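Structure first, commentary second.
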Amino acid sequence: EDQVTQSPEALRLQEGESSSLNCSYTVSGLRGLFWYRQDPGKGPEFLFTLYSAGEEKEKERLKATLTKKESFLHITAPKPEDSATYLCAVQAADKLIFGTGTRLQVFP
Amino acid sequence: DTGVSQDPRHKITKRGQNVTFRCDPISEHNRLYWYRQTLGQGPEFLTYFQNEAQLEKSRLLSDRFSAERPKGSFSTLEIQRTEQGDSAMYLCASSAGLGYGYTFGSGTRLTVV
């Protein structure tokens, strides 16, 4: 069965304290791994798509990497405005399957 | 085009009533998806359309739920005889095709009292 597991469930960081979020997955025939950011009461906002092991993408303080079994979202020197829930999803057949997310809080 | 629009943003209804939500996707996107999200969980797939054809429905979509996408443009999701367990955020997303990222709307938050 296609499955996505994210860890940790919640993460509290001090401003400037770098860390990584993990997304492990099992899927028959990966057609893409997606990272989204979701603010409270809003829909998910697209961040990255990764298609093959070894691929990396960066955007501001965020960097996403992909292996055959997992993906990491690295956050470098986070700021309070990076506080949000980060969702990982895999393209399985014709739909995205999401993990439960990591709730990130960055405090000054 | 400013993205995916959903209406209403919030809906409070009494148990047993019917509700209908609307989604207007990005105009050039031929795929439209409905997801449901409860507190602390990731979005769960409900159904999707390619143009006007409904191609897949999740087993989460009981016979009280029906979705349409007439003429391959906007879509509606109707829930009949609502139950308290239907309380959730209903998200709509559109995509240009397989392997492309989804663009989500802001969702409709349904509360059944």
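Sequences listed follow chains A and B, in order.
First residue of the first sequence? That's 1 in my numbering, and the numbers climb one at a time after it.
First residue of the second sequence? That's 1001 in my numbering, and the numbers climb one at a time after it.
Glycine is no exception: its CB is placed at the ideal position from the N, C-alpha and C atoms.
A quick note: this is a predicted structure, and the numbers were derived from the prediction, not measured.
Secondary structure of residue i, DSSP reduced to three states
| i | result |
| --- | --- |
| E81(A) | helix |
| K95(A) | strand |
| Q1084(B) | helix |
| K1071(B) | helix |
| H1010(B) | strand |
| Q1017(B) | coil |
| L1061(B) | coil |
| I1079(B) | strand |
| T1103(B) | strand |
Separation of residue j from residue i, as counted between CA atoms
| i | j | result |
| --- | --- | --- |
| L1046(B) | T1082(B) | 16 Å |
| K42(A) | T49(A) | 20 Å |
| C1023(B) | G1085(B) | 22 Å |
| V1113(B) | R1015(B) | 6 Å |
| P40(A) | F1065(B) | 26 Å |
| E974(B) | Q1041(B) | Beyond the ends of chain B as shown, which are 1001 and 1113, falls residue 974(B); an answer cannot be given. |
Residue i - containing beta strand (DSSP E), residue span
| i | result |
| --- | --- |
| I75(A) | E70 to I75 |
| D2(A) | First-last for D2(A): undefined, no H or E at that position. |
| V106(A) | T102 to F107 |
| N22(A) | S19 to T26 |
| A10(A) | A10 to Q14 |
| R1109(B) | T1108 to V1112 |
CB contact check: residue i to chain E, cutoff 9 Å
| i | result |
| --- | --- |
| T1103(B) | No chain E is part of this structure, whose protein chains are labelled A and B. |
For the stretch 1062 to 1083 of chain B, list every residue whose C-beta sits within 7 Å of some C-beta in chain A, in sequence order. none
Within the stretch 33 to 64 of chain A, ranges of the beta strand (DSSP E) (whole runs, at least 3 residues): 33 to 38, 45 to 50 and 56 to 59
For the stretch 32 to 47 of chain A, which residues have a beta carbon sitting closer than 7 Å to at least one beta carbon of chain B? G32, F34, K42, G43, P44 and F46
In chain order, what residues of the stretch 68 to 93 of chain A put their CB closer than 7 Å to some CB of chain B? L87 and Q91
When you check each C-beta in the stretch 1045 to 1063 of chain B against every C-beta of chain A, which residues fall closer than 7 Å? F1045, Y1048, L1055 and E1056
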